[in-house]
């Protein structure tokens, strides 16, 4: 009886864990989509190859082409602020929000460069 109860509890925990991971993946994918749209909208045309130059997160006016990897300076951008607006939470989570934003930006920028 006790073993059956324990097995049932473990299955319930596994189910909840799977649903949590599934929900988390959906949230991350939704945020990646938002960041990708922001990068495409805020991007500029590369003078070297006419590819898309996306704003570099840690700068105010630098861009990197996803096609030829050429880095160039141009008009100021506020990509950091735009991305962080989608990660806002309670003020005590500000550091966590910044870390999440950087991780998702890096992931999206990397995937855009590959293809």
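Numbering (the working numbering), first residue to last: 486 to 600.
For each residue, glycine too, the CB sits at the ideal point set by N, CA and C.
Let's see if you can read the secondary structure: which residues bound the beta strand (DSSP E) around residue 539? 537–540
Count the other CB atoms, across all protein chains shown, that sit within 10 Å of the CB of residue 526; report buried if there are 16 or more and exposed otherwise. exposed
Between which two residues does the beta strand (DSSP E) containing residue 550 stretch? 547–550
For residue 513, which residues from the same chain have a beta carbon less than 8 angstroms from its beta carbon, with the 5 sequence-adjacent residues on both sides left out? 589
Exposure label - residue 586; buried when at least 16 CB within 10 Å: With a threshold of 16 other beta carbon atoms within 10 Å, residue 586 meets it and is buried.
Identity of the residue in 516, 553, 521 and 543 nearest residue 534 by Cα: 553
Does DSSP put residue 584 in a helix, a strand or coil? helix
Counting only the same chain and skipping the five closest in sequence on each side, list residues whose C-beta sits under 7 angstroms from that of residue 607. Nothing about residue 607 can be reported from this structure: the residues present for the chain run from 486 to 600 only.
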